[in-house]
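Numbers given in this note's numbering equal positions in the sequence shown, counted from 1, plus 692.
Contents: one structure, followed by commentary.
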Amino acid sequence: SSMFEGFEQVRVETQGASINAVRGGEGPPVLLLHGYPQTLAMWHLVAPRIADGFTVVAADLRGYGDSSRPEGGEDHAGYSKRAMALDQVEVMRELGFDTFAVAGHDRGARVAHRMALDHPEIVTKLAVLDIVPTRHVYATVGKDLATAYYHWFFLIQPYDLPERLLGAEPDYFLGKTLGGYGTGTQVFAPEAYAEYQRYFRDPETIHAMCEDYRAAATIDLDHDVADWGRKVGCPLLALWGGKGVVERLYDVLEVWREYATDVRGRALPSGHYLSEERPEEVAEELVSFLEG
């Protein structure tokens, strides 16, 4: 795509899904994972800025973008962060990388967090953008979080309540989501916004997104409980939007220190979608973390 000039498009068949990605640059490998309600296009301003020193792979999570939409199953295991992480480990292995750094935003950061726990011998460094751990969110939820993150509780409702309602007004709902959380829709490049809109209009994408959230409230929490007390061992960088919900409601570094042994990071002057609002700063932070 014109958004990733000089990058090649790749497609990898994993055990559970068919994953779409782009690859560019040279040097140590770093995997970039997007969140809801986006695609790998969210990295289009950051990826080229780090590609002169690193091999950059940006991938669509299963259920999103041009990746396939597997069944969630009775227990939503098809959209467990464990399954979503394994896809991406297999993508990187197929591309020749047995170890790599990973940076994730939003849902992608939750996938990356699980990946670092499940594959400690593979993930060398972990960057999480604008999240605290899922378990912490559910364990401490109050009125302010529930109001700001209402979609966490809406999208987990049984099939097909959220699917029908989102499907009735997809453009409206997408605009409210991308335009909220401290970032106005004007920050998005038109070609990126068009991608998000195109996928969000697809009923299969909407269903997959709901399954992602349903998994987070069920099977993902089971995995987190089973792992409680085991921390991420690799270096962790937390970046978050100083104008967003995460900054307002959490002491971000303090929270992550309960989940990881080596934590650093800071707020950037942006809302939730920091890679598109503040790409220079995000790229600088990632480069200095990855080089350090």
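Note that CB positions come from ideal geometry on N, CA and C, so glycine has one too.
All values reported here derive from a predicted model rather than from experimental measurement.
Got a sec? Which residues, its chain only, sit under 8 Å from residue i by beta carbon, not counting five neighbours each side?
| i | result |
| --- | --- |
| Val-944 | Val-824, Ala-930, Trp-932, Val-938, Gly-957 and Ala-959 |
| Trp-948 | Val-820, Val-824, Pro-825, Leu-928, Ala-930, Val-955 and Gly-957 |
| Ala-696 | It is worth fixing the name first, because residue 696 is Phe in this sequence and not Ala. For Phe-696, where only same-chain residues beyond five positions count, the Cβ hits under 8 Å are Val-714, Gly-716, His-736, Ala-739, Pro-740 and Ala-750. |
| Ser-760 | Ala-709, Ser-710, Ile-711 and Arg-754 |
Determine which residues share a DSSP beta bridge with residue i and list them.
| i | result |
| --- | --- |
| Leu-929 | Ala-819 and Arg-956 |
| His-768 | Answer by DSSP bridge pairing: none, since His-768 is not bridged. |
| Val-749 | Arg-715 and Leu-723 |
| Val-704 | Ile-711 |
| His-797 | Leu-821 |
| Val-924 | Ala-952 |
Please state the DSSP three-state secondary structure of residue i.
| i | result |
| --- | --- |
| Ile-911 | helix |
| Pro-740 | helix |
| His-726 | coil |
| Val-824 | coil |
| Phe-792 | strand |
| Lys-868 | helix |
| Glu-697 | coil |
| Ile-848 | coil |
| Leu-787 | coil |
| Ser-1057 | Nothing can be reported for residue 1057, as the shown portion of the chain is limited to 693 through 984. |
| Lys-773 | helix |
| Ser-980 | helix |
| His-843 | helix |
| Lys-935 | coil |
| Tyr-888 | helix |
Return the Cβ separation of residue i and residue j in integer angstroms, given the expectation that the two are a contact with Cβ distance under 8 Å.
| i | j | result |
| --- | --- | --- |
| Glu-700 | Val-714 | 7 Å |
| Ile-898 | Gly-859 | 6 Å |
| Phe-892 | Leu-853 | Their Cβ separation, rounded to whole angstroms, is 17 Å, which puts Phe-892 and Leu-853 out of contact at 8 Å. |
| Glu-855 | Pro-895 | 7 Å |
| Asp-798 | Gly-727 | 2 Å |
By Cβ distance below 6 Å, which residues in the same chain neighbour residue i in space, the five residues on each side in sequence not counted?
| i | result |
| --- | --- |
| Val-879 | Glu-968 and Glu-969 |
| Ala-908 | Thr-826 |
| Leu-725 | Gly-796, Gly-800, Val-803 and Ala-804 |
| Thr-832 | none |
| Arg-741 | Ala-975 |
| Tyr-965 | Thr-875 |
| Gly-698 | Gly-716 |
| Pro-961 | Gly-934 |
| Ala-793 | Val-722, Thr-816, Lys-817 and Leu-982 |
| Pro-812 | Gly-925 |
Could you work out which residue in the options is closest to residue i when comparing CA atoms only?
| i | options | result |
| --- | --- | --- |
| Ser-772 | Val-748, Arg-806 and Asp-744 | Arg-806 |
| Ala-769 | Thr-747, Ala-751, Asp-914 and Tyr-888 | Asp-914 |
| Arg-731 | Val-722, Leu-978 and Tyr-885 | As written in the sequence, residue 731 is Thr, which differs from the Arg given in the question. Residue Tyr-885 is the option with its Cα nearest to Thr-731. |
| Ala-750 | Val-722, Pro-729 and Pro-762 | Val-722 |
| Gly-764 | Pro-854, Val-815 and Gly-708 | Gly-708 |
| Asp-916 | Thr-869, Leu-818, Pro-720 and His-828 | His-828 |
| Asp-767 | Gly-719, Val-815 and Arg-906 | Arg-906 |
| Gly-921 | Leu-809, Pro-720 and Met-734 | Leu-809 |
| Leu-870 | Pro-729, Tyr-756 and Ala-918 | Pro-729 |
| Asp-752 | Ala-777, Gly-745 and Asp-744 | Ala-777 |
Counting only the same chain and skipping the five closest in sequence on each side, list residues whose C-beta sits under 7 Å from that of residue i.
| i | result |
| --- | --- |
| Lys-923 | Tyr-951, Ala-952 and Thr-953 |
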